[in-house]
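Protein chains in written order, with UniProt numbering: chain A, 1 to 227; chain B, 1 to 295.
Positions of the beta carbon are idealized from the N, C-alpha and C atoms, including for glycine.
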Amino acid sequence: MPVLDMLKTELREVNATLQSAAKAKGNEAYTIENPRGAHAMAVGLDGPISVTVKGSTGYYCAGMNKLATVHVTGSAGPGVAENMMSGEVIIEGDASQYAGATGHGGLLNIKGNASSRCGISMKGIDIVVHGNIGHMSAFMAQKGNLVVLGNAGDALGDSLYEARLFVRGAVKSLGADCVEKEMRPEHLEILRGLLERAGADAKPEEFRRYGSARNLYHFNIDHADAY
Amino acid sequence: MCGIVGLFLKKDDLRPRLGDMLTDMLITMTDRGPDSAGIAIYGDAASGLKITVQSDTPDEDFAGLDAALSEALGTEVTMRVASTHAVLTLPVATETEALAFLEARGMRVMGSGESMEIYKEVGLPKDVAARFGIREMGGSHGIGHTRMATESAVTTLGAHPFSTAGDQCLVHNGSLSNHNAMRRKLAKKGVFTKTENDTEVGAAYISSRIAEGASLGEALEGTLKDLDGFFTFVTGTKNGFGVVRDPIACKPAVMAETEDYVAFASEYRAFADLPGIDAARVWEPEPATVYFWER
């Protein structure tokens, strides 16, 4: 298993090495040592590769990820897995603001808490947070699933389109046009699959589902107060 | 942008290393604020009051300053010069008279207190830290700031920390939008600021609330109600430090705690060299929530 030590290797070289290994489709497993909170770690990986980052990362770790698996053993700074296309990003600790923002696909698995704006404008990504999430999460979310085992902060799902939000704990408040919805068998099935993939110790029946009331899709003068 | 760092030691054995650790944290935050830097360090309580002054022409202005002040006050005054700053130690009872004397001589007063010293200048954090010898300073806690100016000019007086009362100081990442209105409100109460800077208004607000009898926690709670804009604040007092973020919390913040210290930074990178950081509890402070540590 190749090891890249950030005390000896520059960030650009580390990323270039990982990006070419991903493109070579060799299914290699890399370990990054001493990340020391560096920004933009393991970004733009386009191919099957497994990367373990031993420690904590700064801004935008694993951004634009495609097919690769990135596992951070510490915590991640703002914008982790931003615009992910596919693959899996696992954070053992906490994730800072806007985790998984604009993600199109893949699984972002956060074992700790995520802070504000988790899954903002998500477009098909699946996000499982084992702890709590902060305010304005899933703002303008369009597609995908956000699963939260703990509690959600203020204004969950504000101006939501079609993403599904599953929360086991308390929701401090719902954002504009976000409502609680009936949990049907097909939702329990989706949730069961996601919990299993994320290794989460929770039952689908313990969750509530939230989604869009679809009142803000088109401008309506009667809804002006809600905009 | 702007970068903030803070370190509060729970045990005495790291005290000699406080300046060294804070300097490394500050330099790491250079990317967030390369135009000026400053630090407030809470060292051993002096036998009297310490006043930190600054001059752009220190050779001229500091020559004989201690003797002249001593004569004016009729008491002993000691002076320690570090580059453009000088720390004068004198009896607490002479504070008002001493400050009037120093301002009449054209000195810029950075702050005063029984344990706080403030050093701030325009320039890269590494250069600012080196010119004052911050690495060699010991103490119980300290806060620092690297500035990327938005609301006022890049000058010594525009750099953080801002001190508006004895042993109190504030550093800020963000920008306040109601600082002019608040400046006028404070002026009506007889609280005056020295600069056009928004953060100084935040510092003056906190100091005035404490002067009116509020605790540090209550004063920080008050910022959430009375100040508008973006802020992550870290405030230092004689006994500790406090942290508060505005409810939107766009400005980053991360904290780390071990048995030996509590640390604050704008980014985790600043913690990378702290002892025992791998085993520390690391978390992001909640929005609109006041945190403080005191001894």
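Among the options, the one whose alpha carbon lies nearest that of residue i
i, options, result
"B:G6", "B:W283, B:A270, B:A279, B:P275", "B:A270"
"A:L146", "A:T9, A:L11, A:H130", "A:H130"
"A:T73", "A:G37, A:Q19, A:F219", "A:G37"
"A:L18", "A:M122, A:G58, A:K66", "A:K66"
"B:I210", "B:L69, B:S83, B:F62, B:A165", "B:A165"
"B:T28", "A:H39, A:K23, A:S20, A:Y30", "A:H39"
"A:R197", "A:A22, A:L107, A:G103", "A:L107"
"B:T146", "B:L227, B:G158, B:M137, B:F292", "B:G158"
"A:S159", "A:S50, A:A68, A:L216, A:D94", "A:L216"
"A:G44", "A:K8, A:T9, A:L7, A:V89", "A:V89"
"B:R32", "B:P252, B:A288, B:P287", "B:P252"
"B:R80", "B:G38, B:G133, B:V128", "B:G133"
"B:G144", "B:R17, B:A37, B:E60", "B:A37"
"B:S112", "B:G222, B:T232, B:D167", "B:D167"
Contacts of residue i in chain A (Cβ-Cβ under 9 Å)
i, result
"B:V244", "Near B:V244 there are no residues of chain A at all, since even the closest Cβ is about 15 Å away, more than 9 Å."
7 Å Cβ cut-off: residues of chain B touching residue i
i, result
"A:H135", "P287"
Neighbourhood of residue i by C-beta, 7 Å cutoff - its chain only, sequence neighbours within 5 removed
i, result
"B:S208", "L186, K189, V191"
"B:T199", "H160, F162, L170, H172"
"B:P285", "V243, R245, A253, M255, Y291"
"B:S70", "E76, V77"
DSSP-derived helix/strand/coil call for residue i
i, result
"B:M255", "strand"
"A:L195", "helix"
"B:Q54", "strand"
"A:N145", "strand"
"A:K203", "coil"
"B:Y205", "helix"
"B:A270", "helix"
"A:I110", "strand"
"B:A211", "helix"
"A:D5", "strand"
"A:T73", "coil"
"B:I248", "coil"
"B:I277", "helix"
"A:G44", "coil"
"A:E88", "strand"
"B:S115", "coil"
"B:G222", "helix"
Cβ neighbours of residue i in the same chain (closer than 8 Å, five flanking residues each side left out)
i, result
"A:V179", "Y210, G211, S212, A213"
"residue 228 of chain A", "Shown here, chain A extends from 1 to 227; a query on residue 228 of chain A therefore has no answer."
"B:R15", "L9, G138, G139, S140"
"A:N15", "A40, M41, A42, V43, G44"
Amino acids of chain A, ordered along the chain, whose beta-carbon sits closer than 8 Å to that of residue i
i, result
"B:E221", "The contacting residues do not exist; B:E221 stays about 18 Å from chain A at best."
"B:A267", "One point to set straight first is that residue 267 of chain B is Glu, not Ala, in the sequence displayed. Within 8 Å Cβ-Cβ: G37, G58, Y59, G77."
"B:A272", "R36, G37"
Chain-ordered chain B contacts of residue i [CB-CB under 8 Å]
i, result
"A:P78", "P252"
"A:D94", "V282, W283, E284"
Contact set between residue i and chain A, taken where Cβ atoms lie within less than 7 Å
i, result
"B:W279", "For clarity, residue 279 of chain B is Ala in the given sequence; the question names Trp instead. Here the premise fails: no neighbours, minimum Cβ distance about 11 Å."
"B:A249", "S116"
Contacts around residue i, its chain only, beta-carbon distance under 6 Å, and the 5 residues preceding and following it disregarded
i, result
"B:A72", "F101"
"A:I32", "L4, V53"
"B:L220", "G242, V244, V290"
"A:K172", "G153, D154"
"A:N132", "N113, G150, N151"
"B:S140", "L9, Y42"
"A:Q97", "P78, S115, S116, R117"
"A:L165", "A138, L146, G157, Y210"
"B:M110", "T52, Q54, I118"
"A:H71", "T52, I90"
"A:V148", "V129, I133, V167"
"B:S83", "R131, F132"
Contact with chain C by residue i, beta-carbon distance below 8 Å
i, result
"B:L18", "The question asks about chain C, but that chain is absent: this structure's protein chains are A and B."
Enumerated in chain order, which unbroken segments of the beta strand (DSSP E) with a length of 3 residues or greater are wholly contained in the segment 125-199 of chain B? 141-147, 162-165, 168-176
Kindly provide the ranges of any beta strand (DSSP E) runs that are 3 or more residues long and lie completely inside the segment 114-194 of chain A, ordered along the chain. Within the segment 114-194 of chain A, the runs of beta strand (DSSP E) at least 3 residues long that lie entirely inside it are, in chain order, 123-129, 143-148, 164-167, 178-181.
Go through the segment 13-80 of chain B residue by residue and report every complete run of the alpha helix (DSSP H) that reaches 4 residues or more, in order. 18-28, 58-62, 65-73
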